[in-house]
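Participant: First to last, the protein sequences are chains P and V.
If you read the first sequence in our numbering, its first letter stands for residue 1, the second for the next number, and so on.
If you read the second sequence in our numbering, its first letter stands for residue 225, the second for the next number, and so on.
We treat Cβ as the ideally placed atom computed from N, Cα and C, and that holds for glycine.
Please see the structure below; I have some questions.
Protein chains: 2
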Amino acid sequence: MTFVLVVDDDPAMRRTLSINLRARDYDVETAGDGRSALQIVDERMPDVVLLDLGLPDLDGIAVLTQLRSFTQVPVIVVSARTESDDKVEALDLGADDFITKPFSIEELLARVRATSRRAGREEPDLVVEVDGLRLDVTDSRATRGEDEIHLTPIEWRIVEVLARHRGRLVRQADLLTAVWGPAYDTQTNYLRVHMASIRRKLEEDAANPVLFVTEPGMGYRFLA
Amino acid sequence: MTFVLVVDDDPAMRRTLSINLRARDYDVETAGDGRSALQIVDERMPDVVLLDLGLPDLDGIAVLTQLRSFTQVPVIVVSARTESDDKVEALDLGADDFITKPFSIEELLARVRATSRRAGREEPDLVVEVDGLRLDVTDSRATRGEDEIHLTPIEWRIVEVLARHRGRLVRQADLLTAVWGPAYDTQTNYLRVHMASIRRKLEEDAANPVLFVTEPGMGYRFLA
DNA sequence: CCCGGTCTTGACGCGATCTTGGCGCCCGTT
DNA sequence: AACGGGCGCCAAGATCGCGTCAAGACCGGG
C-alpha cells in the first residue's frame, strides 16, 4: 500500500485529503507543521509527500530544502499562491510536482499516481519463514527447501490475511469478508474446506496443525 | 546539451519558446502537428517533449497515447484549458507534468529542468539472456542465435513489464494497466491472446512454457 | 485503393479450482 | 448416555480461467 504524508496547517484540508486518499486505499499520515513533517519523513519514509507551502513554523520552501538534504522522497508541493516564482523555486529545489489551490481531488490523485509511478516505488515483501517453509506473500510464492508449493488464489488470499495479522486471532467473519466480500453466506464451510487444503500444503502434519491453528467458535490464527 | 521538442500549432508560441529555450542553451526542435511530432520523437528521441493539447490533426491526448506506446520520453503537457479532467487524463496517460496557459517562461523552464532532472536518473540497459535467446528490452530487439525475432509493440510492452519484474509475479491488473492504461476492461482476453503469441515467438516449446509462466487467477511471471 | 501486419473480439474445450452437501469425530452440556 | 455445536474431511458436480483458433476491425504504407 502506498504511504502518503500530508503536510498542511489547515486541519480541514488535512481531513479532506486523508478521507479521500484513504478511500482510495492509501495509507495516510498527516502533519500540521514543518518540524513534525521532517520527523515523520525521517522515521517512516513515505512514498509521497504532499507539502503545503504555507506552514506556521518553517516556511514550506525551507522544509523542502531540508527534506532534500537527506532524502529523494517524491514531493508534491501544494500552494495557494499562483505566483510563478514560487513554482520555479519549489521545482528547482527538487519538488517533483506543483499544484495550486483550489484543485480537484481527482487532479491531486492523478498527480499522486503519476509521481509515485515515476518514483518506481516498491513496497518490501511480506515474507514469513519458519523452519524449512518460506512464504513470500506479496510475490505469492511458497517454497519448502527447494520445492515450490502451489497455492490457489483463494488459498493465497486467506494466507495473506492471516499473515498480515500474524500471531493474532482473525475472526471467521473478517476472514470471510476479506476473501469473499461482504456478501458471504454465514452458514458455509468455505473456510473449513480451504483451511484444510492450506494445511495439507503448508503444515508438516496436516492433522496436527502448528502454523494455522483454529480457535473454535472464533476464527483462525497464524503462528510464526 | 538537453534536447527539447516543442509541439504547438501556434507559430508564435513555437517561436517564443524556441528563443527562450535556446537562450538557456537548450537544443530545440519544433513541430506544428501531431504526426511530425511523433516522427521527430521516433527519429531523434528528445530529452523532453513540450506537448500542446490543441493540435490541428491529432488531439494532443492521442499524440500522448501514441508516444507512450513506444517510448518513455518525459512529456510536459501544455494546455489552455484548465479543466481538471484534462489534467487527470493527461497524467494518467503517462504525462510527466502539466502546465496551463498562460504561464511564465520561468515556470516552464523550471518544469523542464525538474522533469529532465528526474529522467536523468537513467536506468541501465535491460538485457536478458537465457540459453540461445537474447532480449534487449531497452532496444526492443530479440534474437535467438543469429536469427532476429520480431515482436509487435504490444508484445514488447508486455515483455518489458515482465522483464522489469523478472522472477516476480505480475498481476493481471498491473499488466493490463501498464499496457492498456487504467481504463482497461476486466473481462477481456487481451492478455491470453498476446501471451500466446509471445510464447510462440520466444519459447522453445510454446505448449510448455518455461520463461513466461502463468499463475492461474493471479498473473504471469517471467523466469530468467 | 488495396494489402499486410496488428489488434480486438467471440467461441470453444479442457483442466484446475471452487462450491456444496453429507458424514463422522471431538467435546462440552444436559 | 444422549445430544448438538463446531470442525475436519471427502467427493461429486458446477464453475472458472486459460490457451487456442478464427474472423473481423483497424491502420499505415505502397
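Where does the unbroken alpha helix (DSSP H) through Thr214/P begin, and where does it stop?
Facilitator: Careful: Thr214/P lies outside any alpha helix (DSSP H), inside the beta strand (DSSP E) at 212 to 215.
Participant: Any idea which residues DSSP pairs Val352/V with across the strands?
Facilitator: For Val352/V, which the question treats as bridged, DSSP gives the partners Leu359/V.
Participant: Is the Cβ-Cβ distance between Val272/V and Ile243/V less than 9 Å?
Facilitator: Against a cut-off of 9 Å, the Cβ pair of Ile243/V and Val272/V comes out as no contact.
Participant: Just the C-alpha distance for Ser364/V and Gln396/V, rounded to the nearest angstrom, thanks.
Facilitator: Straight-line Cα distance between these residues: approximately 22 Å.
Participant: Just to confirm my understanding: we take Tyr444/V, look at its own chain, exclude 5 residues before and 5 after, and list those with CB closer than 8 Å. What are they?
Facilitator: If we look at Tyr444/V and ignore the five residues flanking it on each side, its Cβ neighbours are Leu386, Leu393, Val394, Gln396, Leu399, Leu415, Met419, Phe436, Val437, Thr438.
Participant: Does the stretch 252 to 261 of chain V come close enough to the stretch 365 to 377 of chain V that 3 or more CB-CB pairs lie under 8 Å?
Facilitator: Result no; under three Cβ-Cβ pairs closer than 8 Å.
Participant: Using 8 Å for Cβ pairs, my map puts Gly278/V next to Asp316/V. What's the rounded Cβ distance?
Facilitator: With 8 Å as the limit, Gly278/V and Asp316/V do not qualify as a contact, their Cβ atoms being about 19 Å apart.
Participant: Round the Cβ separation of Ser303/V and Asp309/V to the nearest angstrom and send it over; I've been treating them as touching at under 8 Å.
Facilitator: That pair is no contact at about 11 Å.
Participant: For Thr188/P, which three-state DSSP category applies?
Facilitator: Of the three classes helix, strand and coil, the one that applies to Thr188/P here is coil, per DSSP.
Participant: Using a C-beta to C-beta distance shorter than 9 Å, which residues of chain V count as neighbours of Leu211/P?
Facilitator: None at all; the shortest Cβ gap to chain V is about 22 Å.
Participant: State the DSSP-derived secondary structure class of Gly258/V, mapped to helix, strand or coil.
Facilitator: Residue state, collapsed to three classes: helix.
Participant: Going by beta carbon distance, what residues of the same chain come within less than 7 Å of Arg292/V, once the five residues before and after it are set aside?
Facilitator: Around Arg292/V: Leu317, Gly318.
Participant: Going by CA-CA distance only, name the one from Asp125/P, Glu129/P, Thr100/P, Pro74/P that's closest to Val112/P.
Facilitator: Residue Pro74/P is the option with its Cα nearest to Val112/P.
Participant: Contact check, Leu426/V vs Leu350/V under 8 Å by CB: the rounded distance?
Facilitator: So it is not a contact: roughly 15 Å between Cβ atoms.
Participant: Of all Cβ atoms in chain V, is any one closer than 9 Å to the Cβ of Gly94/P?
Facilitator: Interface residue, yes.
Participant: Please state the DSSP three-state secondary structure of Ala80/P.
Facilitator: Here Ala80/P sits in coil by DSSP.
Participant: Using a C-beta cutoff of 9 Å, does Met442/V count as contacting chain P?
Facilitator: So, interface residue.
Participant: Residues in the stretch 119 to 143 of chain P with C-beta within 8 Å of chain V's C-beta atoms, listed in sequence order?
Facilitator: Correct list: Asp139, Ser140, Arg141.
Participant: If you draw a straight line from the C-alpha of Gly441/V to the C-alpha of Thr152/P, how long is it?
Facilitator: Taking the straight line joining both Cα atoms gives about 8 Å.
Participant: Mind checking the stretch 293 to 315 of chain V against chain P and listing, in chain order, the residues whose C-beta falls within less than 7 Å of any C-beta there?
Facilitator: Under the 7 Å Cβ criterion, the stretch 293 to 315 of chain V contributes Ser308, Lys311, Val312, Leu315.
Participant: Taking the DSSP output, what are the residues bridged to Ile99/P?
Facilitator: Val78/P, per the DSSP bridge assignment.
Participant: Could you pull the start and end residues of the alpha helix (DSSP H) that Thr367/V belongs to?
Facilitator: First-last for Thr367/V: 365 to 368, but that is the beta strand (DSSP E), not the alpha helix (DSSP H).
Participant: Going along the chain, which residues of the stretch 149 to 163 of chain P sit with their C-beta nearer than 8 Å to a C-beta in chain V?
Facilitator: Taking 8 Å as the Cβ-Cβ cut-off against chain V, the residues of the stretch 149 to 163 of chain P that qualify are Thr152, Pro153, Trp156.
Participant: Within the same chain, show all residues whose beta-carbon is closer than 8 Å to that of Arg238/V, passing over the 5 residues directly before and after it, in chain order.
Facilitator: Result list for Arg238/V: Val230, Asp232, Thr254, Gly256, in chain order.
Participant: List, in order along the chain, the chain P residues whose C-beta lies closer than 7 Å to that of Arg335/V?
Facilitator: Under the 7 Å cutoff, chain P gives Leu91.
Participant: Give the DSSP bridge partners of Asp251/V, in chain order.
Facilitator: Phe227/V, per the DSSP bridge assignment.
Participant: Could you check if Gly284/V is buried or exposed, using at least 16 other CB atoms within 10 Å of its CB as the buried criterion?
Facilitator: So Gly284/V ends up on the buried side.
Participant: Name the chain P residues whose beta carbon is nearer than 8 Å to that of Arg392/V?
Facilitator: Simply Asp139.
Participant: Rank Glu43/P, Thr143/P, Ile198/P by C-alpha distance to the C-alpha of Asp131/P and give the top, closest one.
Facilitator: Minimum Cα distance to Asp131/P is reached at Thr143/P.
Participant: My understanding is that Glu379/V touches Ile422/V, with C-beta atoms under 8 Å, so please give their C-beta distance in whole angstroms.
Facilitator: Confirmed, Cβ separation roughly 5 Å.
Participant: Mapping DSSP to helix, strand and coil, what is Glu43/P?
Facilitator: It is helical.
Participant: Please find out if some non-hydrogen atom of the ligand ATP comes closer than 8 Å to the beta-carbon of Glu439/V.
Facilitator: Ligands are entirely absent from the displayed structure, and the ligand ATP is therefore not among its contents.
Participant: Would you check if the distance between the CB atom of Glu89/P and the CB atom of Ile99/P is smaller than 9 Å?
Facilitator: No, Cβ-Cβ distance for Glu89/P and Ile99/P is not below 9 Å.
Participant: Which residue's Cα is closest to the Cα of Ala119/P: Asn208/P, Asp97/P, Arg166/P?
Facilitator: Cα-wise, what sits closest to Ala119/P is Asp97/P.
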